[in-house]
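Protein chains in written order, with the working numbering: chain A, 333 to 621; chain B, 333 to 621.
Structure, rendered in structure tokens:
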């Protein structure tokens, strides 16, 4: 699989140096960007670029951009007016360290930096203008109000409510699936993939995205805080409808397995070595944290 | 000058339709995007495109994108964790209507939509891939942490403090000047302008940007709430250092005039008809609201 050290280093390199007076917002951005996490999305971007006959290296700026979007969404999601979380990946959330205003601005900064990165000279030298436009457009569409942000508003308006399984699914397709889809599709774009491959990458992403969310719900009731790095049982405590509360543990395990198999099937559209992405789908399904 | 009806209509056309479940975030975006305002930035984008021998129409997607960034920055700036304002342009602020979470997400949505717009098929059809990349990169750089967002953090960290005139100037160059510069430069990019012209456009923007801010400070002590559409005297009430509190009214009137004249001088780099932009600089300097 992809060496994530490259991503870890390069991610921070895009943050502008600027003047001492703006140090707080740069620190806020760096803090969350270097706070670890599974780096699932950049890995997918690079793997899909390789699978489509392109180069992982060329896809790195696109991969970094997706992770910046993911990171900003976590910062804003943790804010008091949203989920009001104090811990993220076992560390204090951004606003707990820098205050609400700097967390808000740090998130805005990362969101903006994602597009600066996709459109950077470096990205253009590696991919050309057309691919940078298409990658940036994809990122904006999937991360925007009809994508990830749309999922967040559905999530908010579902709080303290019994929601249907259909609503849960459309929420997660947007909230989780859309950005994973952007990651996969941007990898394809970097490699100059055709439309059939792009659709297949999207299908893979959507299936592992929902499976990922179901596994998250499962772990929230079966894991412990030390393993997970965040409080367990929070869904039940918040009276949140989850796949587990609606369908039960056994059914959730079955469905997450089925979705993973569908994701793996969609890899048949590619001629290259699909083994890493096949393994990755099963890894996500079987993970313990 | 530019017909702003075109901008008003087109601005809203970029908001995705999507599903009923995401209506709140779309409404939040539309509310602030259609809340009026002087539309200074899109007008500048179109005027500079024309001045550089390009077409105003081609520059419209870039113009809309700048206004989306401006609008998102106002929504986030008004939030309780930032300036905590209840009124904007004489109407309730976004979070007063939609709640904090939907305001936060509406702002994020507009920020993302700005880049979707610069990179849209429509923008590419009008300007080609290279110009869209360069316009989007410019927008990201000037609106990001080293630009507008950097100015916002300086503003926040200057609250309840006596600040120097130098700090005030660097704050406003970022907070106000940077996005006005993006607007002017993106117009130049749409028209395929050369580097000398782009630097001149940037100089024009920075000078009118600071002049604009000084005039804002003047109006905060000399105007009334009905004329201004927002509470006057708020700077003094917040113990905020302003150009007026540091330099006095007369000196501020003199400096804003000098900056305006410098802005007008920088228009000498252009062969086209500079009269509209010359008039506009003086209009901003002499405005009563």
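Yeah, the Cβ is synthetic: ideal placement off N, Cα and C, and Gly gets one too. Note that the structure is a prediction, hence the values are computed from the model and not measured.
Residue 374 of chain A: member of the alpha helix (DSSP H) spanning 372-383, first to last residue.
The closest CA to that of residue 595 of chain B, considering only B:603, B:540, B:556, B:484, is found on B:540. Within the stretch 450-523 of chain B, the runs of alpha helix (DSSP H) at least 4 residues long that lie entirely inside it are, in chain order, 453-475, 480-489, 497-504, 510-522. As the crow flies, the alpha-carbon of residue 418 of chain B is around 48 Å from that of residue 613 of chain A. Counting the other CB atoms within 10 Å of its CB gives residue 504 of chain A a total of 16 or more, which places it among the buried residues. At a C-beta separation below 7 Å, residue 461 of chain B has these neighbours in chain A: 461, 462, 465. As the crow flies, the alpha-carbon of residue 479 of chain B is around 16 Å from that of residue 360 of chain A. The beta carbon of residue 357 of chain A falls within 8 Å of a beta carbon belonging to chain B, placing the residue at that interface.
CA-CA distance, residue 379 of chain B to residue 519 of chain B, rounds to 7 Å.
Under the three-pair Cβ rule at 8 Å, the stretch 525-541 of chain A counts as touching the stretch 597-606 of chain A.
Residue 589 of chain B carries a helical assignment under DSSP once its states are collapsed to helix, strand and coil.
The alpha carbon of residue 513 of chain B has as its nearest neighbour, out of B:565, B:374, B:349, B:369, the alpha carbon of B:374.
Under DSSP, residue 423 of chain A forms a beta bridge with A:420. With fewer than 16 other CB atoms across the displayed protein chains lying within 10 angstroms of its CB, residue 603 of chain B is exposed.
Between residue 369 of chain B and residue 408 of chain A, the alpha-carbon positions lie close to 27 Å from each other. Residue range 355-365 is occupied by the alpha helix (DSSP H) that includes residue 363 of chain B. Residues of the stretch 414-440 of chain A that bring their beta carbon within less than 7 Å of a beta carbon in chain B comprise 414, 432, 433, 434, 436, 437, 440, in sequence order.
Among the residues of the stretch 586-608 of chain B, none has a Cβ less than 9 Å away from any Cβ of chain A. Relative to residue 421 of chain A, the option among A:431, A:403, A:440 whose CA is nearest is A:403. For residue 408 of chain B, at least one C-beta of chain A is nearer than 8 Å to its own C-beta.
Contact between the stretch 457-472 of chain B and the stretch 515-530 of chain B is present: 3 or more CB-CB pairs across the two stretches fall below 8 Å.
CA-to-CA, the gap between residue 386 of chain A and residue 486 of chain B works out to about 43 Å. Here DSSP, grouped into helix, strand and coil, assigns residue 595 of chain A to helix. What residue 476 of chain B touches in chain A, judged by beta-carbon distance under 8 Å, is 348, 441, 444, 445, 448, going in chain order. Note that the C-beta distance between residue 550 of chain B and residue 585 of chain B is below 8 Å.
The distance from the Cβ of residue 392 of chain A to that of residue 342 of chain A is about 6 Å, consistent with a contact at the 8 Å cut-off. When the Cα atoms are used, residue 502 of chain A and residue 483 of chain A turn out to be separated by approximately 8 Å. By a beta-carbon distance limit of 8 Å, residue 425 of chain A contacts residue 410 of chain A. Their separation comes to about 4 Å. Straight across, the Cα-Cα distance linking residue 376 of chain A with residue 621 of chain B is about 51 Å.
Within the stretch 502-529 of chain A, those residues whose Cβ lies closer than 7 Å to any Cβ of chain B are, in chain order, 502. The three-state secondary structure of residue 620 of chain A, taken from DSSP, is coil.
Taken through DSSP and simplified to helix, strand or coil, residue 346 of chain A comes out as coil. Across the set B:339, B:372, B:351, the C-alpha of B:372 shows the shortest separation from the C-alpha of residue 608 of chain B.
The Cβ of residue 354 of chain A sits closer than 8 Å to at least one Cβ of chain B. Below the 7 Å Cβ cutoff, chain B contributes 354, 356, 357, 434, 437 as neighbours of residue 485 of chain A, in chain order. Residues of chain B whose Cβ lies closer than 8 Å to the Cβ of residue 395 of chain A do not exist, since the nearest Cβ in that chain is about 17 Å away.
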